[in-house]
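Okay, structure first, notes after.
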Amino acid sequence: SQQSAEDLARVPANSTSNILNRLLLSYDPRIRPNFKGIPVDVAVNIFINSFGSIQETTMKLKVKYLRFFFLLQSTTYMAAHPVFKFDFCIFRLSITLSCPLDLTLFPMDTQRCKMQLESFGYTTDDLRFIWQSGDPVQLEKIALPQFDIKKEDIEYGNCTKYYKGTGYYTCVEVIFTLRRQVGFYMMGVYAPTLLIVVLSWLSFWINPDASAARVPLGIFSVLSLASECTTLAAELPKVSYVKALDVWLIVCLLFGFASLVEYAVVQVMLNNPKRIEAEKAKIAKAEQAEGKGGNTAKKNTVNGTGTPVHISTLQVGETRCKKVCTSKSDLRSNDFSIVGSLPRDFELSNYDCYGKPIEVNNGLGKSQAKNNKKPPPPKPVIPSAAKRIDLYARALFPFCFLFFNVIYWSIYL
2 SQQSAEDLAR
12 VPANSTSNIL
22 NRLLLSYDPR
32 IRPNFKGIPV
42 DVAVNIFINS
52 FGSIQETTMK
62 LKVKYLRFFF
72 LLQSTTYMAA
82 HPVFKFDFCI
92 FRLSITLSCP
102 LDLTLFPMDT
112 QRCKMQLESF
122 GYTTDDLRFI
132 WQSGDPVQLE
142 KIALPQFDIK
152 KEDIEYGNCT
162 KYYKGTGYYT
172 CVEVIFTLRR
182 QVGFYMMGVY
192 APTLLIVVLS
202 WLSFWINPDA
212 SAARVPLGIF
222 SVLSLASECT
232 TLAAELPKVS
242 YVKALDVWLI
252 VCLLFGFASL
262 VEYAVVQVML
272 NNPKRIEAEK
282 AKIAKAEQAE
292 GKGGNTAKKN
302 TVNGTGTPVH
312 ISTLQVGETR
322 CKKVCTSKSD
332 LRSNDFSIVG
342 SLPRDFELSN
352 YDCYGKPIEV
362 NNGLGKSQAK
372 NNKKPPPPKP
382 VIPSAAKRID
392 LYARALFPFC
402 FLFFNVIYWS
412 IYL
């Protein structure tokens, strides 16, 4: 618009509103500058004031920024002030951006979030956005709780779009690269689940027949890992692909479950009658072989202790007998019972001479000692197959988990 100095001079000096009304008398806000002429070039400059944290469940990012628009063409001329000037606008905006997240590598992921500024009503024939020369995107030092963002990671460019039926629309965009800090998940997820898996391996060192100790330990490990999986699933979006954290939790859960399955296999071996009988026969055979070797070496001495002595007085057929020890002066009776006959040269040791009643068996007869004490309960027979399973598990489980860690961290880090 153009007003003469004479018209402005006729307006009272104290009537500011009258001056503004007269200046805008021929101005139509619906018509762009340079109407029907060349497109209006608008230089854009953005100053990022703050970032909010990314919400993984909704995939949104909050940003506060200042946006500057500069009209590069001279658009006004006032007769009262014959000076050309650039018009500009400043906006302070707080917006919530939609940021589609790729969580395949979560929590070792890097996200790229875009912010686009686009003309909605004017095509490129009327309006063009261009980035201001120099440093158009400025960023303060921002500390985010879970992400690192640096100025050198910010990209900007042109994103002019075409819409069928209407034409091309000008657009500029800024791309923010956000690198997730993995420290929180290391301390809050990886370390606890690792310790739970190691805890489940302690059952391999517990006696196989101690089910009261092994079963609760395995159940505790599985329930703890399952609870961790459920908690994290509620905090993340429902995506159709497997995340890096899901792989870790699933494998840890499988290791905890495998420790329970291993004990179930041990119990099957432990309660197998055929294996128990085979183990008893094996033990009896070993004891028999050991006993034969001992009798040959000891020359019919009972219990194999002390110096052998001869029996000088023996009344065969009676339930009691007298025996004379080395000194032949200590006569002791009621020490042991005789069943059957004994050879005249049968030998007893000094210990047996003064010891408790014993059972004698030299192949010709038997003597059963009197023993008032109750025999101790027999120890449970544990098949060697059950012991071998625990022995193999002690080495196999840690080795497999270590191998998994090497593969996992080499892929996702």
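Numbering (our numbering), first residue to last: 2 to 414. Beta carbons are placed, not taken as given, at the ideal position from N, Cα and C, and that holds for glycine.
- Here residue 149 is bridged, per DSSP, to 180.
- Judged by beta-carbon spacing, residue 222 lies within the 8 Å limit of residue 260, meaning their Cβ atoms are closer than that value.
- Residue 213: member of the alpha helix (DSSP H) spanning 212 to 236, first to last residue.
- Annotation: residue 404 to residue 202 spans about 16 Å, alpha carbon to alpha carbon.
- In this chain, the alpha helix (DSSP H) harbouring residue 201 covers 192 to 201.
- Close CB contacts of residue 175 within its chain, under the 6 Å cut and outside five residues either way in sequence, are with 116, 138, 157 (chain order).
- The alpha-carbon separation between residue 96 and residue 65 amounts to approximately 6 Å.
- With respect to the C-alpha of residue 190, the residue from 164, 225, 238 having the closest C-alpha is 225.
- Secondary structure at residue 257: helix, using DSSP grouped into helix, strand and coil.
- The continuous beta strand (DSSP E) containing residue 113 extends over residues 111 to 119.
- Listed in chain order, the non-local C-beta contacts of residue 120 below 6 Å within the same chain comprise 128, 170, 171, local neighbours out to five positions each way being set aside.
- For residue 52, the enclosing beta strand (DSSP E) starts and ends at 41 to 52.
- Under the three-state reduction of DSSP, residue 240 is assigned to coil, being neither helix nor strand.
- Assignment of residue 143 by DSSP, reduced to helix, strand and coil, places it in the coil class.
- DSSP places residue 405 in no beta strand (DSSP E) but in the uninterrupted alpha helix (DSSP H) bounded by 385 to 413.
- Separation of residue 409 and residue 249 (C-alpha to C-alpha, rounded to the nearest whole angstrom) is 8 Å.
- Counting along the chain, no beta strand (DSSP E) covers residue 106, and no H or E run does either.
- When secondary structure is reduced to three states using DSSP, residue 204 falls in the helix class.
- Counting along the chain, residue 130 sits inside the beta strand (DSSP E) bounded by residues 128 to 132.
- By the Cβ-count criterion, residue 204 is buried, with 16 or more other Cβ atoms from all chains shown falling within 10 Å of its own Cβ.
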